[in-house]
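Start counting the sequence shown at 1; every next residue gets the next number (this note's numbering).
C-beta atoms are modelled at their ideal positions from N, C-alpha and C, and glycine is treated no differently.
Notes follow once the structure below has been shown.
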Amino acid sequence: MERGRPQTRTETTSSRRTGIRTAENQTIMNPHSEALLSKVNPILAAKVRSMAEALAAQGITIIVVQGLRTVAEQDALYAQGRTTPGKIVTNAKGGQSWHNFGCAVDCAPENTDGSIDWNANHPTWKAMEAEAVKVGLVSGANWVRFVDAPHVQLTGKFPEGAPDTEAREFYAKGGLQGVWDAIVPNVPEVENV
Ligand SMILES: [Zn+2]
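Take a look at the structure:
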């Protein structure tokens with residue numbers, strides 16, 4: 001039992017009184033998930049909320065467990081299972097993960113007691129993966145070389161596997177927003193007749 005961690009929908013509602021910013025259309029994700037979503041590409045965040053909504057209709061609650069990761073945090077994660085204790089969880093060094101560009105989040109279904117269900121063979125995971133694809137996200141569950149079931153990303157024209165030179169150039173010029181705008185431009189489309 002983790003009393004310190006709000007997990008239920010009732011607590012999400014109560015978080016509004018504490019002033020945690022939420023998007024207009026969201027009622028599903030818990031405050032911790034929302035805090036992580038607030039730092040990634042807003043279009044990715046909106047898609048994750050749609051995914052959570054569709055899953056809630058099936059009786060499945062999901063939470064976001066990882067969002068934007070700094071290069072230093074990514075390096076620490078890469079070291080895990082290699083030079084530090086633990087299991088290898090990523091093949092990406094700092095700057096090589098879409099998490100470093102706010103283009104990826106990791107999600108997991110919750111058990112009814114509020115704990116996280118880490119059994120990726122469970123049907124709730126399959127439902128989550130299916131909904132991710134339905135809302136237009138890439139699901140790491142479908143990767144062959146390194147299956148990454150919690151991982152979803154929105155990377156548009158860029159390579160799925162890792163940020164390339166072009167993505168890095170957009171980042172160097174315009175920061176996170178520069179990369180996000182290159183994926184889904186935040187401007188009205190010019191008619192091209
Ligand atoms: Zn991930």
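{"Item": "heavy atom of ligand 2 below 7 Å from Gln66 C-beta", "Value": "With respect to ligand 2, the structure shown offers nothing to examine, as its ligands consist of ligand 1."}
{"Item": "Secondary structure, beta strand (DSSP E): runs of 3+ residues fully inside the region 66-139", "Value": "104-109"}
{"Item": "Length of the line joining the Cα atoms of Trp125 and Lys173", "Value": "37 Å"}
{"Item": "Val40, DSSP secondary structure in three states", "Value": "coil"}
{"Item": "Helix, strand or coil at Gln153 according to DSSP, with G and I counted as helix", "Value": "strand"}
{"Item": "Beta-carbon contacts of Gly140 that lie in its chain and below 6 Å, excluding the five residues immediately before and after", "Value": "Asp148, His151"}
{"Item": "Three-state secondary structure assigned by DSSP to Ile62", "Value": "strand"}
{"Item": "Backbone CA spacing between Ala167 and Ala130 [nearest angstrom]", "Value": "27 Å"}
{"Item": "Ala182, buried or exposed, once every other Cβ within 10 Å from all chains shown has been counted against 16", "Value": "buried"}
{"Item": "Phe158 in three-state terms, based on DSSP", "Value": "coil"}
{"Item": "Segment limits, alpha helix (DSSP H) that includes Arg168", "Value": "165-183"}
{"Item": "Ligand 1 heavy atom lying under 7 Å from the CB of Asp106", "Value": "yes"}
{"Item": "Assumed close pair Ala127, Leu55 - CB separation to whole angstroms, cut-off 8 Å", "Value": "6 Å"}
{"Item": "Proximal residues to Val138 (C-beta, below 6 Å), its chain only, five neighbours per side dropped", "Value": "Gln153, Glu160"}
{"Item": "Alpha carbon of Gly86 to alpha carbon of Ala76, nearest angstrom", "Value": "12 Å"}
{"Item": "Cβ-heavy atom distance, Gly102 to ligand 1, below 7 Å", "Value": "no"}
{"Item": "Near ligand 1: His151 beta-carbon under 7 Å from a heavy atom", "Value": "yes"}
{"Item": "Under 8 Å between C-beta atoms of Leu68 and Val40", "Value": "yes"}
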